[in-house]
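In my numbering, the protein residues as written are 18 to 142.
Where is the CB? At the ideal position from N, CA and C, for every residue including glycine.
Here the structure is a predicted model, which is why all the values come from computation and not from measurement.
The next block holds one structure in the form of structure tokens; read it before the comments.
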């Protein structure tokens, strides 16, 4: 799965335990009602975010994770997590110094000279 949008937040790496670290990225989707999607990067994937800045348009490859937890009161709860594993920059415009080539001009054509108003036309409009 993928999520596309602009980077809103890149949080610092968190060392959760001696053997587990994570880092959060928030991507704002570009649609009529933008969504702010929090994506977690864990372990060695945390370093991927070092090459990106807030405001960049990106496409993030994600996996959805879910788990079940039973409380001491025997209540079952479910949790979801979005984990990222790859980030790519999206091409939003031509690189600096390179102009976008102009569209070719439409070919000119001569106006009709044998047009008669009274001729019947079977077109429906």
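### Task
Give every residue of the same chain whose Cβ lies closer than 6 Å to the Cβ of residue 94, excluding the five residues on either side of it in the sequence, and list them in chain order.
86
### Message
Pull the bridge partners of residue 98 from the DSSP assignment, please.
### Response
Paired residue(s): 82.
### Query
Hey, residue 71 and residue 25: beta-carbon distance below 8 Å or not?
Yes, the Cβ-Cβ distance between residue 71 and residue 25 is below 8 Å.
### Query
Helix or strand or just coil, what does DSSP make of residue 62?
helix
### Message
For residue 41, report the span of its beta strand (DSSP E) as first-last.
### Response
37-45
### Task
May I ask you to report which of helix, strand or coil DSSP gives residue 57?
strand
### Query
Between which two residues does the beta strand (DSSP E) harbouring residue 34 extend?
It spans 31-34 - the beta strand (DSSP E) in which residue 34 sits, taken as one unbroken run.
### Query
Taking all protein chains shown into account, do 16 or more other C-beta atoms lie within 10 angstroms of the C-beta of residue 33, making it buried, or fewer, making it exposed?
exposed
### Query
Assuming residue 67 and residue 101 make a contact with CB atoms under 8 Å, what is their CB distance in whole Å?
Rounded, the Cβ-Cβ distance is 14 Å, inconsistent with contact.
### Task
Sort 39, 79 and 22 by Cα distance to residue 49 and report the nearest one.
22
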